[in-house]
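To start, the structure under review is shown below, and the notes come after it.
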Amino acid sequence: MEVKQIVSKLLESNTYVVSNNNKSIIIDAGAEIENVLPQTIGTKVEAVLLTHLHFDHCYNLLSYVNQFNCPVYVFNTDFVGLNPFTLASMFGKLTLPKNCYKSLQGVTKLNLAGLTVECFHTPGHSLDSMSFKINDCLFSGDTLFYNSIGRTDLETSNRLNMLQSLELLKGVTFNVCYSGHGKSSTYAEQQENIKYFLLEL
Ligand SMILES: [Zn+2]
Numbered sequence: 006m007e008v009k010q011i012v013s014k015l016l017e018s019n020t021y022v023v024s025n026n027n028k029s030i031i032i033d034a035g036a037e038i039e040n041v042l043p044q045t046i047g048t049k050v051e052a053v054l055l056t057h058l059h060f061d062h063c064y065n066l067l068s069y070v071n072q073f074n075c076p077v078y079v080f081n082t083d084f085v086g087l088n089p090f091t092l093a094s095m096f097g098k099l100t101l102p103k104n105c106y107k108s109l110q111g112v113t114k115l116n117l118a119g120l121t122v123e124c125f126h127t128p129g130h131s132l133d134s135m136s137f138k139i140n141d142c143l144f145s146g147d148t149l150f151y152n153s154i155g156r157t158d159l160e161t162s163n164r165l166n167m168l169q170s171l172e173l174l175k176g177v178t179f180n181v182c183y184s185g186h187g188k189s190s191t192y193a194e195q196q197e198n199i200k201y202f203l204l205e206l
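Here the sequence shown stands for residues 6 to 206, where the numbers follow the working numbering.
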């Protein structure tokens, strides 16, 4: 398995291409398609997973769906395109593709690209925040960052939910944490980080 990070021009959100032999999965859709496409060459993209629906994580989703013609996994399909979930009040309305979504609510495991994807609902930054564990890698969206955590003052944020999600992620083991913005972190760094914010938040 190989993980490639592509940083978007918009708010520097991270898109990840996780490839396994000749198949791949894309996590988040903020990065420009022309920068993502080269990282998928030689693989069939089986799915796009969205950590949440905030504007900067799905801004280029339409071009991904047109290019790869694959399903898009989100926490709850009912939330797609709703203003509080995309933060339309801050960024303006988004045009998202139709009829390609699959709901992750109640789903704990997916098999994609020959990999097992463990799915964790981790609300707090947003109601629809998901974290994904693939092999020894955790993809934490805007829940965990290097030396920080996601904002909890946005439209569908909830501080108590964040505390519960931090408790949940504290019990998940991994080697590398790939965040929705910024650089990756180690398990030890995240244990310290989570411990700090469980007390601070
Ligand atoms: Zn966000």
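A virtual CB, placed ideally from N, CA and C, is assigned to each residue, including glycine. In this text the structure is predicted, and so the values were computed from the model without any measurement.
Assumed close pair residue i, residue j - CB separation to whole angstroms, cut-off 8 Å
i	j	result
S29	V53	Contact flag wrong, Cβ pair sits at about 10 Å.
L55	V77	6 Å
S184	F150	5 Å
H57	S131	5 Å
C105	V70	5 Å
D147	S134	7 Å
G9	Q44	Looking at the sequence provided, one finds Lys at residue 9 rather than Gly. The Cβ separation is near 5 Å, so the contact holds.
6 Å Cβ shell around residue i - same chain, five flanking residues per side excluded
i	result
L120	N25, I139
E160	P89
F73	V50
S108	N81, T82
Sequence-distant residues of its chain with Cβ nearer than 7 Å to residue i (five each side left out)
i	result
F202	I154, L171
N65	A34, G35, A36, E37, I38
F179	K138, D141, C142, L143, Y192
F60	T91, L92, F96, L99
G187	F150, Y151
Q195	L149, C182
Residue i: CB within 7 Å of a non-hydrogen atom of ligand 2
i	result
S13	With respect to small molecules bound, the structure shown includes ligand 1 and not ligand 2.
Cβ-based neighbour list, residue i, same chain, cut-off 8 Å, excluding 5 preceding and 5 following
i	result
L168	G129, L203, L206
> Residues near ligand 1, CB to any non-hydrogen atom under 5 Å, in chain order?
Replying inline: H59, D147
> Does the region 106 to 115 touch the region 72 to 87, meaning 3 or more C-beta pairs lie closer than 8 Å?
Replying inline: yes
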